[in-house]
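Engineer:
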Amino acid sequence: QSCSVDRIREWQFHGQFAPMFGMRVQIIDEIDAASTAALQQLRTYLDRLPSRTVIIGTTNRTVEDLPEQLQSRFKILYFDPIPIDLIADWLQKKFPRLGAAMAESIAIQSNGNVRAAETVAMSVADNWVVSPEQEVVLA
3 QSCSVDRIRE WQFHGQFAPM FGMRVQIIDE IDAASTAALQ QLRTYLDRLP SRTVIIGTTN
63 RTVEDLPEQL QSRFKILYFD PIPIDLIADW LQKKFPRLGA AMAESIAIQS NGNVRAAETV
123 AMSVADNWVV SPEQEVVLA
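Going by the working numbering, the first residue of the sequence shown is number 3, and it counts up by one from there.
Right, here's the structure in full:
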């Protein structure tokens, strides 16, 4: 979910009520893209985080590139990039006409970032022209 001031205020309101079972998990995709106002609201929320609540924020940036308020309030977990062959296989399944060579090229360029690979593949798909062999060529 995107991180906006309204979303954080909604979490604060609902945070008054503890979950009956388990934990409340809130996910912020690409937390580094949040506005300054949203980050300030988030900082307040994190400082008063209700019990049994977990916030997960994702980013493709390095820790040093994140605002300091995020660095000091989150536990940093590192994940290895997705292997190139897995991204290439996934691209071929999602975009069957892409072709093995193009899928591998995009996977290499993405450097383990699935979202980046998908974005490039969609951009390529927007410019598809089909040859007689039904392989993709760029217009």
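Idealized CB from N, CA, C, for every residue including glycine.
1. Would you identify the three-state DSSP class for ARG45, choosing helix, strand or coil?
2. Measuring only the C-alpha atoms, how far is ASP49 from ILE10?
3. Going by C-alpha distance, which of GLU106, THR46 and VAL116 is nearest PRO83?
4. When the Cα of SER112 is compared with those of ASN62, PRO52 and ARG75, which residue comes out closest?
5. Rounded C-beta distance between ALA103 and ILE89? I'm assuming under 8 Å.
6. What do you get for VAL126, buried or exposed, if any count of 16 or more other CB atoms within 10 angstroms of its CB means buried?
7. For SER36, collect the residues of the same chain with a Cβ closer than 6 Å to its Cβ; drop the 5 residues on either side in sequence, then sort them by chain order.
8. Is THR55 closer than 8 Å to ARG75 when the C-beta atoms are compared?
Structural biologist: Quick look at the numbers:
1. Residue state, collapsed to three classes: helix.
2. Spanning the alpha carbons of ASP49 and ILE10 requires a straight line of approximately 13 Å.
3. Of the candidates GLU106, THR46 and VAL116, the one whose C-alpha sits nearest the C-alpha of PRO83 is VAL116.
4. If we check each option's Cα against that of SER112, ASN62 comes out closest.
5. Not confirmed; about 14 Å, so no contact.
6. Buried.
7. Looking at the sequence shown, residue 36 is not Ser but Ala. So the qualifying residues of the chain are CYS5.
8. Result no, Cβ atoms of ARG75 and THR55 do not sit closer than 8 Å.
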